[in-house]
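Those protein sequence lines, which keep their order, are chains A and B. Be aware that the first sequence starts at 6, since it is given in our numbering, and climbs by one per residue. Be aware that the second sequence starts at 6, since it is given in our numbering, and climbs by one per residue. Have a look at the structure below, then the notes.
2 protein chains.
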Amino acid sequence: MSSTSDGKAISRATIADVAERAGVSIATVSRVINETGPVAEDTAAQVWSAIAELKYRPSAAAKGLASRRTHTLGFLVSEISAPFFTPLLRGIEGGTRESGYSLLIHAIQEIEPAVTGAFRRPLGEHNTDGLLVFAGCLEDVELAYLYKLGFPLVLLHQTPPNDLAIPYVTFENKSGARKLVDHLIEVHDYRRIAFLRGPEDQEDSYWRELGYREALEAHDIPFDPALVAVGGFNEKLAQIPVRTWLEQGTAIDAIFAGDDEAAVGVISALQQAGQRVPEDIAVVGFDDVHLYHYMLPPLTTVHAPVEQAGREATVQLLQLIQTGQAQPLVLLPTEMVIRRSCGCE
Amino acid sequence: MSSTSDGKAISRATIADVAERAGVSIATVSRVINETGPVAEDTAAQVWSAIAELKYRPSAAAKGLASRRTHTLGFLVSEISAPFFTPLLRGIEGGTRESGYSLLIHAIQEIEPAVTGAFRRPLGEHNTDGLLVFAGCLEDVELAYLYKLGFPLVLLHQTPPNDLAIPYVTFENKSGARKLVDHLIEVHDYRRIAFLRGPEDQEDSYWRELGYREALEAHDIPFDPALVAVGGFNEKLAQIPVRTWLEQGTAIDAIFAGDDEAAVGVISALQQAGQRVPEDIAVVGFDDVHLYHYMLPPLTTVHAPVEQAGREATVQLLQLIQTGQAQPLVLLPTEMVIRRSCGCE
DNA sequence: CTGAAAGCGCTTACAG
DNA sequence: CTGAAAGCGCTTACAG
Numbered sequence: 006m007s008s009t010s011d012g013k014a015i016s017r018a019t020i021a022d023v024a025e026r027a028g029v030s031i032a033t034v035s036r037v038i039n040e041t042g043p044v045a046e047d048t049a050a051q052v053w054s055a056i057a058e059l060k061y062r063p064s065a066a067a068k069g070l071a072s073r074r075t076h077t078l079g080f081l082v083s084e085i086s087a088p089f090f091t092p093l094l095r096g097i098e099g100g101t102r103e104s105g106y107s108l109l110i111h112a113i114q115e116i117e118p119a120v121t122g123a124f125r126r127p128l129g130e131h132n133t134d135g136l137l138v139f140a141g142c143l144e145d146v147e148l149a150y151l152y153k154l155g156f157p158l159v160l161l162h163q164t165p166p167n168d169l170a171i172p173y174v175t176f177e178n179k180s181g182a183r184k185l186v187d188h189l190i191e192v193h194d195y196r197r198i199a200f201l202r203g204p205e206d207q208e209d210s211y212w213r214e215l216g217y218r219e220a221l222e223a224h225d226i227p228f229d230p231a232l233v234a235v236g237g238f239n240e241k242l243a244q245i246p247v248r249t250w251l252e253q254g255t256a257i258d259a260i261f262a263g264d265d266e267a268a269v270g271v272i273s274a275l276q277q278a279g280q281r282v283p284e285d286i287a288v289v290g291f292d293d294v295h296l297y298h299y300m301l302p303p304l305t306t307v308h309a310p311v312e313q314a315g316r317e318a319t320v321q322l323l324q325l326i327q328t329g330q331a332q333p334l335v336l337l338p339t340e341m342v343i344r345r346s347c348g349c350e
Numbered sequence: 006m007s008s009t010s011d012g013k014a015i016s017r018a019t020i021a022d023v024a025e026r027a028g029v030s031i032a033t034v035s036r037v038i039n040e041t042g043p044v045a046e047d048t049a050a051q052v053w054s055a056i057a058e059l060k061y062r063p064s065a066a067a068k069g070l071a072s073r074r075t076h077t078l079g080f081l082v083s084e085i086s087a088p089f090f091t092p093l094l095r096g097i098e099g100g101t102r103e104s105g106y107s108l109l110i111h112a113i114q115e116i117e118p119a120v121t122g123a124f125r126r127p128l129g130e131h132n133t134d135g136l137l138v139f140a141g142c143l144e145d146v147e148l149a150y151l152y153k154l155g156f157p158l159v160l161l162h163q164t165p166p167n168d169l170a171i172p173y174v175t176f177e178n179k180s181g182a183r184k185l186v187d188h189l190i191e192v193h194d195y196r197r198i199a200f201l202r203g204p205e206d207q208e209d210s211y212w213r214e215l216g217y218r219e220a221l222e223a224h225d226i227p228f229d230p231a232l233v234a235v236g237g238f239n240e241k242l243a244q245i246p247v248r249t250w251l252e253q254g255t256a257i258d259a260i261f262a263g264d265d266e267a268a269v270g271v272i273s274a275l276q277q278a279g280q281r282v283p284e285d286i287a288v289v290g291f292d293d294v295h296l297y298h299y300m301l302p303p304l305t306t307v308h309a310p311v312e313q314a315g316r317e318a319t320v321q322l323l324q325l326i327q328t329g330q331a332q333p334l335v336l337l338p339t340e341m342v343i344r345r346s347c348g349c350e
């Protein structure tokens with residue numbers, strides 16, 4: 006009715022504008038928007054139409070300041086292009102979206118010293134209601150500080166430091182590795198099986214190695230330190246120990262590369278050296294997240310439910326935010342995926 | 006000095022706490038933090054140490070409300086697991102991080118009708134300072150509304166609708182496709198070259214087809230509609246027309262699959278039907294973003310600088326936010342990557 | 001069912 | 001160089 010009703014409005018409406026147009030108080034507008042407290046049907050209808058006419062959208066900042074809730078989750082990662090980043094993010098984004106929360110993501114470049122870095126944190130209590138922290142993305146002191154603050158946190162692929170009761174989500178790395186190596190031994194009768202470790206502080210790698218060792222032990226195969234090297238969960242790095250083994254003439258039946266990326270590197274190195282995979286040396290990976298099934302030979306690996314991990318972590322974080330409680334540990338099952346690089350078919 | 010200086014503090018400090026501890030006003034604290042206005046060296050030092058002691062972090066909400074700036078960029082995507090999503094996001098995240106902004110990302114599920122959806126937008130003027138919009142993720146009316154509001158927007162892989170002067174970033178699809186098809190014709194002497202379109206509304210696909218047609222025309226090869234079908238930039242979908250061609254016995258020398266994903270599908274379909282690639286039929290893709298170089302045969306394609314596109318879009322958006330100006334169009338160069346699926350080597 | 005008012009934690013003219 | 005105070009746009013007891 007008024008002269009501004011024809012879509013010519015150029016500035017943003019506030020709750021006061023809506024209240025005025027609807028002929029109610031801002032408290033009432035707030036009530037209908039948030040469904041907090043009773044409102045007469047007519048009143049609500051008027052408010053909604055005022056909102057539509059003015060194209061009103063509540064300011065997230067004002068709402069956040071007044072309610073002390075940002076309605077935003079944060080995701081702290083390191084390498085944004087890591088192999089499982091895409092499905093992980095998809096899970097997190099999906100869970101966040103469904104809950105109506107917003108998602109702030111930040112890829113750390115390097116961990117800055119806690120002293121200088123404390124003030125300029127990209128993600129924290131100052132801009133989110135809770136944080137999903139990927140392994141190694143936050144120093145222990147910061148983790149401890151946020152925890153003491155009662156700030157909701159969920160860790161991905163990392164056990165909480167010290168005695169902090171921070172929930173965490175990860176895969177069944179050990180049993181996955183165990184099954185995989187069992188397969189190599191039992192089905193293919195390999196006995197000289199090498200293992201490539203991931204980066205230093207990688208817990209996943211630690212558990213995979215444990216599974217590997219358990220499998221050897223269960224089959225009375227002595228553990229040979231000469232068959233363990235660092236592949237760094239990385240294509241390039243993984244090629245180095247393989248070349249060394251080849252040069253030294255180390256007898257090897259199969260290589261458990263630690264993860265798929267390393268497996269790709271291993272296969273390349275092997276093929277470049279004239280070795281046939283799997284005929285001469287078999288190779289297996291872990292994760293099954295890439296499109297490595299197009300490789301030749303198709304990669305035998307262990308499927309890790311990465312997307313589900315992201316979703317589950319989000320669910321736990323939301324629960325922590327809303328109820329103050331969450332599962333201390335979510336361990337997601339892994340599953341062996343047999344293709345051809347192990348020697349099958 | 007006071008009894009709360011021993012790290013036992015459990016609640017968050019505000020600017021008032023810092024001011025009190027430093028013995029100054031909150032205005033001064035604000036000035037030292039934001040380096041806005043002159044402050045005596047001593048005063049600043051005291052403020053900084055109060056900040057450190059209290060582990061103070063300014064509330065993003067309060068800051069945003071008071072300054073009318075969220076210092077946050079939004080990224081609106083559709084399919085978070087699309088092939089070029091990872092590098093695109095990496096570029097965006099990198100650009101955002103370096104500028105000190107935060108990044109809010111949202112994967113739309115489906116475009117909701119503008120009427121009902123207007124109020125509950127995940128990303129907009131209410132929570133960001135500007136938006137990076139991937140092709141097709143925002144309806145024209147919403148785009149027009151935000152534009153009229155003077156809200157900073159940058160489009161990715163989409164030309165702005167109507168006459169809106171919204172900057173956009175995309176690749177040189179046409180010339181990339183042109184060079185690729187030229188190669189097939191000139192080097193390999195193929196003349197029956199098929200083309201697989203992407204999804205309906207995909208502008209990239211449109212330009213690639215144009216490059217394809219130009220190449221044919223330049224070499225006096227008549228355009229044959231029977232050699233064009235829909236591959237949907239998708240592995241599964243791309244297999245369908247290939248099977249049809251094979252069944253019908255259509256003579257084909259090479260297939261330009263539209264993008265890499267479709268190329269993978271095409272190669273599978275071909276190999277399953279007993280055709281050799283590239284001996285019987287050559288296949289080429291576009292994007293070069295996946296790890297398809299591990300495929301056999303390694304895929305000949307056109308490299309698209311996806312990460313750079315993300316970064317460039319971010320740069321333009323920041324510029325738009327800060328200066329009100331941006332380049333209307335950023336066209337990033339593509340480059341042919343010859344591997345083996347085209348018949349080379 | 002509704003409104004007046006305080007307050008969330010900052011920034012920003014305005015004085016001095 | 002510094003401070004007092006208004007105001008950003010909401011939510012939330014508190015009254016009625």
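The beta-carbon is built from N, C-alpha and C at its ideal position, and this holds for glycine as well. Because the structure is a prediction, the values reported are computed rather than measured.
Quiz item: Does any CB atom of chain A fall closer than 8 Å to the CB of residue 338 of chain B?
Solution: No - not a single Cβ of chain A is within 8 Å of the one on residue 338 of chain B.
Quiz prompt | Reduced DSSP secondary structure (H/G/I, E/B, other) of residue 292 of chain B | solution = Strand at residue 292 of chain B.
Quiz item: Is it buried or exposed for residue 346 of chain A, if we count other Cβ within 10 angstroms and need 16 for buried?
Solution: Its Cβ being crowded by 16 or more others within 10 Å, residue 346 of chain A is buried.
Exercise. Would you grab the beta carbon distance between residue 304 of chain A and residue 264 of chain A for me? Rounded to a whole angstrom, and I think it's under 8 Å.
Key: No, residue 304 of chain A and residue 264 of chain A are not in contact; Cβ-Cβ is about 11 Å, not under 8 Å.
Quiz item: Name the DSSP beta bridge partners of residue 135 of chain A, please?
Solution: Checking the DSSP bridge columns, you'll see residue 135 of chain A partnered with A/78.
Quiz prompt | residue 43 of chain B classed as buried or exposed, judged by whether at least 16 other C-beta atoms fall within 10 angstroms | solution = Exposed.
Quiz prompt | Where residue 351 of chain B falls, given that 16 or more other Cβ within 10 Å makes a residue buried | solution = Any answer about residue 351 of chain B is impossible in this case: the structure gives chain B only from 6 up to 350.
Quiz item: In three-state DSSP terms, what is residue 176 of chain B?
Solution: Residue 176 of chain B: strand per DSSP, three-state reduction.
Quiz item: Counting along the chain, where does the beta strand (DSSP E) carrying residue 337 of chain B start and finish?
Solution: For residue 337 of chain B, the uninterrupted beta strand (DSSP E) segment begins and ends at 334–337.
Self-check item: Cβ pair residue 312 of chain A, residue 95 of chain A closer than 8 Å
Solution: Cβ distance < 8 Å, so residue 312 of chain A and residue 95 of chain A count as in contact.
Exercise. Identify whether residue 140 of chain B lies in helix, strand or coil by the three-state DSSP scheme.
Key: When DSSP states are grouped into helix, strand and coil, residue 140 of chain B belongs to the coil group.
Self-check item: chain B within 8 Å of residue 119 of chain A, Cβ atoms only
Solution: Low confidence applies to residue 119 of chain A: its pLDDT is 49, below 50, so where it sits in the model is not reliable enough to give any reading.
Exercise. Following the continuous alpha helix (DSSP H) through residue 255 of chain B, name the residue where it begins and the one where it ends.
Key: In the DSSP annotation of this structure, residue 255 of chain B is not part of any alpha helix (DSSP H), being labelled neither H nor E.
Self-check item: Inter-residue Cα distance where the pair is residue 356 of chain B and residue 275 of chain A
Solution: Missing from the structure shown is residue 356 of chain B; chain B here goes from 6 to 350 and no further.
Self-check item: Nearest residue (CA-CA) to residue 109 of chain B, options A/125, A/75, A/139 and A/284
Solution: Residue 109 of chain B has its Cα closest to that of A/75, out of A/125, A/75, A/139 and A/284.
Exercise. Identify each residue in the segment 86–99 of chain A for which the Cβ-Cβ distance to at least one residue of chain B is less than 8 Å, and report them in chain order.
Key: Answer set for the segment 86–99 of chain A: 86, 90, 91, 92, 94, 95, 98 and 99.
Exercise. Give a yes or no on whether the minimum CB-CB distance between residue 150 of chain B and chain A is below 8 Å.
Key: Yes, residue 150 of chain B lies at the interface with chain A (some Cβ there is under 8 Å from its Cβ).
Quiz item: Closest to residue 205 of chain B by CA distance: which of B/235, B/92 and B/139 is it?
Solution: Closest option to residue 205 of chain B, Cα to Cα, is B/235.
Practice problem: Mind the definition here: the segment 207–217 of chain B touches the segment 156–165 of chain B only if three or more C-beta pairs lie below 8 Å; say whether that holds. | Solution: Yes, the segment 207–217 of chain B is in contact with the segment 156–165 of chain B.
Self-check item: Residue span of the beta strand (DSSP E) that contains residue 151 of chain B, given as start and end
Solution: For residue 151 of chain B, no beta strand (DSSP E) run applies; the uninterrupted alpha helix (DSSP H) run containing it begins and ends at 145–153, by DSSP.
Quiz item: Between residue 33 of chain A and residue 19 of chain A, is the Cβ-Cβ spacing less than 8 Å?
Solution: In this structure, residue 19 of chain A does not lie closer than 8 Å to residue 33 of chain A by Cβ.
Self-check item: Nearest-angstrom Cβ-Cβ length linking residue 185 of chain A and residue 37 of chain A, presumed shorter than 8 Å
Solution: Not really, about 57 Å apart at Cβ, beyond 8 Å.
Quiz prompt | Through-space distance from residue 281 of chain A to residue 301 of chain A, alpha-carbon basis | solution = Taking the straight line from one Cα to the other gives about 11 Å.
Quiz item: Can you list, in chain order, the residues of the segment 59–71 of chain A whose Cβ is nearer than 9 Å to any Cβ on chain B?
Solution: Result list: 60, 61, 62, 63, 64, 65, 66, 67, 68, 69, 70 and 71.
Quiz item: Using 8 Å as the limit for Cβ to Cβ distance, is residue 167 of chain B near chain A?
Solution: Closer than 8 Å: no.
Practice problem: Below 6 Å CB to CB, which residues in the same chain sit around residue 181 of chain B once its five sequence neighbours on both sides are set aside? | Solution: 307 and 339, listed in sequence order.
Practice problem: Report yes if the CB atom of residue 183 of chain A is closer than 8 Å to the CB atom of residue 219 of chain A, and no otherwise. | Solution: Using a Cβ distance threshold of 8 Å, residue 183 of chain A and residue 219 of chain A count as a contacting pair.
Quiz item: Can you tell me where the alpha helix (DSSP H) with residue 90 of chain A in it begins and where it stops?
Solution: 90–104 is the extent of the alpha helix (DSSP H) around residue 90 of chain A.
Quiz prompt | Short CB-CB distance (under 8 Å) between residue 131 of chain A and chain B | solution = Yes, residue 131 of chain A lies at the interface with chain B (some Cβ there is under 8 Å from its Cβ).
Self-check item: Reduced DSSP category for residue 340 of chain A - H, G, I as helix; E, B as strand; rest coil
Solution: In the structure shown, residue 340 of chain A sits in a strand (DSSP, three-state: E or B).
Practice problem: Could you name the residues of chain B that residue 75 of chain A contacts, counting a contact when the two beta carbons are closer than 8 Å? | Solution: The contact set of residue 75 of chain A on chain B, defined by CB atoms closer than 8 Å, consists of 65 and 66 in chain order.
Quiz prompt | Proximity winner among B/16, B/292 and B/317, relative to residue 153 of chain A (alpha-carbon distances) | solution = When each option's Cα is compared against that of residue 153 of chain A, the closest is B/16.
Quiz item: When you compare only the Cα positions, how much space is there between residue 111 of chain B and residue 139 of chain B?
Solution: The straight-line gap from Cα to Cα measures roughly 11 Å.
Quiz item: Less than 8 Å separating the beta-carbons of residue 289 of chain A and residue 148 of chain A?
Solution: With respect to the 8 Å criterion, residue 289 of chain A and residue 148 of chain A are not classified as neighbours on the basis of their beta carbons.
Practice problem: Report back the beta-carbon spacing between residue 267 of chain A and residue 243 of chain A to the nearest angstrom; my notes put them in contact at under 8 Å. | Solution: The pair is a contact, with the Cβ atoms about 4 Å apart (cut-off 8 Å).
Self-check item: N- and C-terminal bounds of the alpha helix (DSSP H) containing residue 36 of chain B
Solution: Where residue 36 of chain B is concerned, the enclosing alpha helix (DSSP H) stretches over 31–39.
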